[in-house]
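Trainee: Mind having a look at this structure? Questions to follow.
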Amino acid sequence: MKRIATIFFCFFVLSSFAQKENFKTFYQSNKDRAEVSLNIPSFFANMFISDEDTDEFGVFLKKSKNYKIMVFNNNMASVQKDFKKFARRNKLKTLVRVKDGNERVTVYFRETKDRIKEIIVNVYNKSDELVLLGIKTNLTMDELSAMVEASTKSKSIASN
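Heads up: the sequence shown runs through residues -20 to -1, 1 to 140, numbered per mature numbering (1 follows the signal peptide of the UniProt record, and there is no 0).
Structure below.
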């Protein structure tokens, strides 16, 4: 019985240490390597967003709590490699991936109990720079889908 209790206790301790990290930990460990690193509360950042965008992304803006922005120039390749490891290790899900020549944009998200807790945008140019934007939020998948659909509709109307 002691052996079973010891095994169960060891399993519990190991599983508690295996908790997924959020973007804040990546931000803290790499902000010294960044050319620019900003941690902006949403109430301040949302003041600079135009009224047109507020209509499409209203729910998103209301549920966003914090923005972390990092810009890398000199050591971007090593940081990109570290970020990919971070994304795999923490099982971030890919929402969108866009490639145009040397430029790539990937949008990841972290989901907990059917809520999107974090969205991370990775903008990468092989020859220039890397920009990471982490957004702490609390969206449902339905809210995110509605936001993307509204954005898509407004873009198609504007192009006609």
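Don't be surprised by glycine CBs; every beta carbon is placed ideally from N, CA and C. Note that the coordinates shown come from a computational prediction; the quantities given were computed from them, not determined experimentally.
1) Could you tell me if lysine -1 is buried or exposed, where buried requires 16 or more neighbouring beta carbons within 10 angstroms of its beta carbon?
2) If you follow the beta strand (DSSP E) that threonine 74 is in, where does it begin and where does it stop?
3) Would you mind working out which of Thr120, Leu110, Glu15, Lys93 sits nearest lysine 64, comparing C-alpha positions?
4) Assuming isoleucine 96 contacts methionine 121 (C-beta within less than 8 Å), just tell me the rounded distance between them.
5) Using the Cβ count rule (16 or more neighbours within 10 Å means buried), how would you classify leucine -7?
6) Assuming contact is defined by CB atoms lying nearer than 7 Å, are lysine 43 and asparagine 118 in contact in what I supplied?
7) If you follow the beta strand (DSSP E) that asparagine 70 is part of, which residue opens it and which one closes it?
8) Taking the beta strand (DSSP E) that serine 17 belongs to, which residues open and close that run?
Mentor: According to the structure shown:
1) Your numbering for residue -1 matches position 20 in the sequence shown. Only weak support exists for where lysine -1 lies, its pLDDT of 49 falling under 50; the value from the coordinates is given anyway. With fewer than 16 Cβ atoms within 10 Å of its Cβ, lysine -1 is classed as exposed.
2) Along the sequence shown, read from residue 1 onward, the residue named residue 74 stands at position 94. 73 to 80 is the span of the beta strand (DSSP E), which, as asked, contains threonine 74.
3) Numbered from 1 along the sequence shown, position 84 holds the residue referred to as residue 64. That would be Leu110, whose Cα lies nearest to the Cα of lysine 64.
4) Residue mapping note: residue 96 aligns to position 116 of the sequence shown, counting from 1. Residue mapping note: residue 121 aligns to position 141 of the sequence shown, counting from 1. Going by Cβ atoms, the distance from isoleucine 96 to methionine 121 rounds to 7 Å, so yes, they are a contact pair.
5) Here residue -7 is taken as the residue at index 14 of the sequence shown, counted from 1. Reliability of the predicted coordinates at leucine -7 is poor, the pLDDT of 37 falling under 50, and the value obtained from them is presented with this limitation in mind. So leucine -7 counts as exposed.
6) Translated into the one-based positions of the sequence shown, residue 43 becomes position 63. Translated into the one-based positions of the sequence shown, residue 118 becomes position 138. Inclusion of lysine 43 and asparagine 118 in the CB contact set at 7 Å is warranted, their separation being smaller than that value.
7) Taking the first residue of the sequence shown as position 1, residue 70 is located at position 90. For asparagine 70, there is no enclosing beta strand (DSSP E), as DSSP gives it neither H nor E.
8) Walking along the sequence shown from the start, residue 17 turns up at place 37. Counting along the chain, the unbroken beta strand (DSSP E) around serine 17 starts and ends at 16 to 21.
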